[in-house]
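Below is one structure, written out as structure tokens; the observations come after it.
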Amino acid sequence: MRNLFPALNKFKAYLNTASSGFMPATALLEATKLLSDVVEFNGEVNSVDYMEETVMRPFQREAGRLMKVNPDNIGLSIQTTEGLRRILLSLEPKRGQNIVSLDTEFPTLPALLRSYARRFGLELRVVKNRNGVHSMDDLEKAIDDDTFAVVLSSVNWVTGQRLDLRELSRVAHEHGAWLIVDAVQHLGMLRLFPEKEGVDALSAGGEKWLLSPDTGAGLIYASDELLDAAKPITGLLNNEPPTGEWGSWWGLPEKDPWAELKPANGVRKLDFGGGPPYLVAAAFTASLRLINEMGIGEVERHDLRLAGRIRDEALSAGLEVFAEGSSIVTIKTGLDYQAEERLYEKLVAEGISVSHRGVLGHYGIRASPHLYNTKDDVETFLEALFGAMG
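Its first residue numbered 5, the sequence shown is counted upward by one per residue in the numbering used here.
Below, the structure is given as structure tokens:
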């Protein structure tokens, strides 16, 4: 497994997937194969129909396998925000409704929801944290019959808190609200089966736990119910090809460019509308396939086992952590922020990659092991951390 991730050799210990995951060498092979086909004009690389079958369908199958959903409910996105924006803009809230979210969200989500709320005249209800984490009781109190959607991260980027999506969806749906999830710190690390947990839609960038950084990769999932309600602004490829495939339609002399076309089924209704970034999809497929071959259940067990070791040792040393339930462990050292920043810089100087993260006065040293990490990586980090603290 580690041989597939040559970037690991640049670090004494890399425990920073919550910032950026590593791409496996198999992704390079997939991307190179597609580029070679394009350069040499192999197959029908200039055909939308050909690329749909050879590039996009394999991506959808691997993503569907990961989440145990129909591949037709999966689409490609550009990281997380673009996918969330596409989902939200396909829906039509009523003026005066509200959106519920959390005060500790990664800043991209507040930026998106503020502009969305202004456009549609919505109230933003931002649930406050208690000591850095959120309770289901506080979330439930914020949701009422005027709630249009609950939009939040299922795993918090600073604290690592994992929300109970099944319970949250029950509450949201009782009030007729959508549950729309930012899953960038969840998918690929922990099991997330949206149909089973009642998630109406989600978006997850590939740059972290899905092992596809620096390519713009991401994915969206949308339930059949949300797709039925969605009214997106569509492009040509959001429709079914009139003759069964696009290639045979281009040359027809009787073609009327302004004729009504039949909307596509599934998440294609929300797709880009033009040709998607096929190269991104090809590399992303290789990363998803690797996770599926290991099995998301085994990935979760492995990651939580390493995270548990970090958490247990930190607590035994008299330190505090924010939450449990994910592979993100943020250690509160008890130092002031500047002193903790110097501690963090010492770790970086030793070749240990973790993060120093904070939000609304809460902060700590964040470690985030993933499938390519070992117990030795964890022990190296802990030894360096406790050594630097004296």
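Note that CB positions come from ideal geometry on N, CA and C, so glycine has one too.
By the Cβ neighbour-count rule, residue 180 is exposed, with fewer than 16 other Cβ atoms within 10 Å of its own. Inclusion of residue 220 and residue 82 in the CB contact set at 8 Å is warranted, their separation being smaller than that value. With respect to residue 207, residue 91 sits close: the two C-beta atoms are nearer than 8 Å. A direct Cα-Cα distance of roughly 10 Å separates residue 332 from residue 193.
The Cβ atoms of residue 292 and residue 144 lie no closer than 8 Å to each other.
Partner residues in a beta bridge of residue 141, as assigned by DSSP, do not exist. Here residue 344 has 337, 360, 367, 368 and 369 as same chain residues with Cβ atoms under 8 Å from its own Cβ, once five neighbours each way along the sequence are excluded.
DSSP places residue 266 in the coil class of the three-state scheme, outside both helix and strand.
In the three-state reduction of the DSSP assignment, residue 237 falls in the coil class, being assigned neither a helical nor a strand state. By the criterion of a C-beta distance shorter than 7 Å, residue 28 is surrounded in its chain by 8, 9, 215, 290, 291 and 294, once the five residues flanking it on both sides are discounted.
Spanning the alpha carbons of residue 76 and residue 273 requires a straight line of approximately 10 Å. DSSP lists no beta-bridge partner residue for residue 121.
CA-CA distance, residue 202 to residue 311, rounds to 27 Å. When secondary structure is reduced to three states using DSSP, residue 46 falls in the coil class, being assigned neither helix nor strand. Using a Cβ distance threshold of 8 Å, residue 78 and residue 87 do not count as a contacting pair. Residue pairing by DSSP places residue 324 opposite 336 in a beta bridge.
The residues 137 and 327, in chain order, have a CB closer than 6 Å to that of residue 165 in the same chain once the five nearest residues on each side in sequence are set aside. Each residue's CA atom was taken as its position, placing residue 323 and residue 98 some 47 Å apart. Of the candidates 70, 153 and 346, 70 places its Cα closest to the Cα of residue 223.
Counting C-beta pairs closer than 8 Å gives three or more between the region 344-358 and the region 9-24, which meets the contact rule. Contact between residue 248 and residue 277 fails: their C-beta atoms lie close to 20 Å from each other, not under 8 Å. Here residue 380 is exposed, its C-beta having fewer than 16 other C-beta atoms within 10 Å. DSSP places residue 291 in the uninterrupted alpha helix (DSSP H) bounded by 282-298.
The Cβ-Cβ distance between residue 275 and residue 230 does not fall below 8 Å. Counting along the chain, no beta strand (DSSP E) covers residue 177; the unbroken alpha helix (DSSP H) around it starts and ends at 169-178.
Between residue 104 and residue 129, the gap from beta carbon to beta carbon is short of 8 Å.
Between residue 287 and residue 109, the beta carbon gap of about 28 Å keeps them out of contact (Cβ cut-off 8 Å).
Only buried fits residue 315, as 16 or more other CB atoms lie within 10 angstroms of its CB. Look at residue 187 here: in three-state DSSP terms it is coil, with no helix or strand label.
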